[in-house]
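Notes follow once the structure below has been shown.
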Amino acid sequence: MAYTGRFAPSPTGPLHAGSLVAALASWVDARAHSGRWLVRIEDVDTPRCVPGADTLILSQLAACGLAPDETPVRQSKRGALYQAALSSLMQSGKAYPCGCARADITLALAAAGQAQARHAERVYPGTCRPERGGLRGCEERSIRLRVDEQDAAVAWADRRVGQRQQDVARAVGDYVLRRADGLWAYQLAVVVDDAAQGVTHVVRGEDLADNTPRQIYLQRLLGLTTPEYLHTPLVLGSNGEKLSKSNCAEELQPGLVALKSALSALGLRADAGSVDGLLASAVAQWRQRWGRDRRWAAELSLD
Ligand code: GLU
Numbered sequence: 042m043a044y045t046g047r048f049a050p051s052p053t054g055p056l057h058a059g060s061l062v063a064a065l066a067s068w069v070d071a072r073a074h075s076g077r078w079l080v081r082i083e084d085v086d087t088p089r090c091v092p093g094a095d096t097l098i099l100s101q102l103a104a105c106g107l108a109p110d111e112t113p114v115r116q117s118k119r120g121a122l123y124q125a126a127l128s129s130l131m132q133s134g135k136a137y138p139c140g141c142a143r144a145d146i147t148l149a150l151a152a153a154g155q156a157q158a159r160h161a162e163r164v165y166p167g168t169c170r171p172e173r174g175g176l177r178g179c180e181e182r183s184i185r186l187r188v189d190e191q192d193a194a195v196a197w198a199d200r201r202v203g204q205r206q207q208d209v210a211r212a213v214g215d216y217v218l219r220r221a222d223g224l225w226a227y228q229l230a231v232v233v234d235d236a237a238q239g240v241t242h243v244v245r246g247e248d249l250a251d252n253t254p255r256q257i258y259l260q261r262l263l264g265l266t267t268p269e270y271l272h273t274p275l276v277l278g279s280n281g282e283k284l285s286k287s288n289c290a291e292e293l294q295p296g297l298v299a300l301k302s303a304l305s306a307l308g309l310r311a312d313a314g315s316v317d318g319l320l321a322s323a324v325a326q327w328r329q330r331w332g333r334d335r336r337w338a339a340e341l342s343l344d
């Protein structure tokens, strides 16, 4: 199968050092496999999108020599694809309407003696499942995926992190596919798009690794092929916290210096004086690393 990789930024602000590492890793992996590299603008969460951030991200990538092989697609234009997937899940009884607001879920969890620690993942208690009476006259708010206990164990091998597993029913429960504000949930959009674009290899930051079992579970229900996954190490700021758009005060200045630090975050030598030279050397090093020993993470102490 021909390799297709992608970088899928949400245009909620400019690229930062952490997102450049993910972009670079996905580009290098694609080039090292002589594959296709796509950029997909994930602008479904419109309230969080910042006008102009998409073009800024593309120009920052270009300044680092990372040019997509095709015109980037935008998720905001792909609602019909997400709707088709949702309709098929609803028809097969795998998705159902939910009328619960956050407060209803908190109350139901407390009543079941499952008060959650703050910030912990809240497992939906299944209040609106059809077998429990469905909406019972409540107004529909969101649409949830039914995560059945008997097939919810997902195991996969991350190319860097190794064998992982999660029981999606216990860890997450029935999760949202279309949000109460009418917007498409990230999980649905990313799974539909990765399949529609023929993505064979997902390379992205480790902060997204937690979502992978949910995505694999959904791929299985939709009869889609599961891509290979590689989650790259997170870049920590000087305060030891993960770099993100919200805590990274400095906007990334794309070019040689930014590229060099992204390379070193991936354990690659920055041994050339130009953007093109750095990238060519990165591809050669990446090929060698994978050719010699697929367990490159352990070898380079990236964990
Ligand atoms: N749009 C997501 C983000 O910017 C990344 C999605 C993905 O790579 O699967 O965090």
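According to my numbering, the sequence shown is numbered sequentially starting from 42.
The beta carbon of each residue, even a glycine, is placed where N, CA and C say it ideally should be.
One or two residues paired with residue i in a DSSP bridge
i       : result
Arg-219 : Ile-184, Trp-225
Asp-348 : Residue 348 lies beyond the stretch modelled for the chain, which goes from 42 to 344, so this question has no answer here.
Glu-269 : His-242
Trp-78  : Gly-46
Asp-70  : Asp-70 is not bridged to any residue.
Ala-194 : Asp-208
Which of helix, strand or coil DSSP assigns to residue i
i       : result
Gln-101 : helix
Thr-32  : Any property of residue 32 remains undetermined from this structure, which presents the chain solely from 42 to 344.
Phe-48  : strand
Asp-317 : helix
Val-213 : coil
Arg-53  : Reading the sequence as shown, one finds Thr at residue 53 and not Arg. Note: Thr-53 maps to coil in three-state DSSP.
Ala-290 : Residue placement at Ala-290 cannot be trusted, given a pLDDT of 43 that sits under 50; the coordinates are not used to answer.
Pro-295 : coil
Asp-312 : coil
Leu-307 : coil
Val-91  : coil
Gly-264 : coil
Arg-336 : Low local confidence applies: a pLDDT of 49 at Arg-336 is under 50, so the model's placement there is unreliable, with the coordinate-based value given in what follows. Arg-336: coil per DSSP, three-state reduction.
Val-62  : helix
Asp-248 : helix
Asp-235 : helix
Val-324 : helix
Ser-342 : Reliability fails at Ser-342, whose pLDDT of 44 lies under 50, so the model's placement of it is uncertain and no value is given.
Candidates the options, of which the one nearest residue i by Cα
i       : options                            : result
Ala-144 : Leu-176, Leu-259, Tyr-165, Cys-90  : Tyr-165
Ala-321 : Ala-126, Pro-254, Ala-73, Ser-117  : Ala-73
Arg-255 : Ala-193, Leu-265, Leu-277, Leu-304 : Ala-193
Gly-76  : Ser-60, Gly-46, Leu-297            : Gly-46
Ala-103 : Trp-327, Gln-329, Ala-323, Val-316 : Val-316
Ala-121 : Val-233, Ala-299, Arg-177          : Val-233
Leu-186 : Val-85, Pro-138, Leu-61            : Pro-138
Met-131 : Lys-118, Gly-178, Val-91, Leu-263  : Leu-263
Cys-179 : Gln-191, Thr-168, Val-114          : Thr-168
Val-85  : Val-62, Ser-117, Gly-106, Ser-60   : Ser-117
Arg-115 : Glu-162, Glu-83, Ala-43            : Glu-83
Gln-207 : Leu-218, Ala-136, Gln-191, Glu-181 : Gln-191
Asp-189 : Gly-134, Leu-218, Ala-152, Leu-148 : Gly-134
Ala-43  : Ser-128, Thr-147, Ser-60, Ala-71   : Ala-71
Val-80  : Val-244, Val-276, Asp-222, Gly-223 : Val-244
Leu-249 : Ile-184, Gln-260, Asp-235, Leu-275 : Leu-275
Identify every run of the beta strand (DSSP E) within the stretch 108-187, keeping only runs that are complete inside it and at least 3 residues long; order them along the chain.
-> Runs found: 136-139, 183-186.
Are at least three pairs of beta-carbons, each pair with one atom in the stretch 224-242 and one in the stretch 171-179, less than 8 Å apart?
-> Flag = no, the stretch 224-242 and the stretch 171-179 do not touch.
Three CB pairs or more closer than 8 Å across the stretch 104-121 and the stretch 134-148 = Contact fails: fewer than three Cβ-Cβ distances are below 8 Å.
Three-pair Cβ contact test at 8 Å for the stretch 52-66 versus the stretch 207-221 = Taking a cut-off of 8 Å for Cβ pairs, the stretch 52-66 and the stretch 207-221 do not touch, as fewer than three such pairs fall below it.
Can you find at least 3 beta carbon pairs, one from the stretch 192-205 and one from the stretch 215-231, that sit closer than 8 Å?
-> Look at the beta carbons and you see the stretch 192-205 not touching the stretch 215-231: under three pairs across the two are nearer than 8 Å.
Three CB pairs or more closer than 8 Å across the stretch 270-278 and the stretch 200-210 | The stretch 270-278 is in contact with the stretch 200-210.
Should the stretch 47-65 be called in touch with the stretch 91-99, which here means at least 3 C-beta pairs below 8 Å?
-> As far as the Cβ criterion goes, the stretch 47-65 touches the stretch 91-99, which means the pair count is three or higher.
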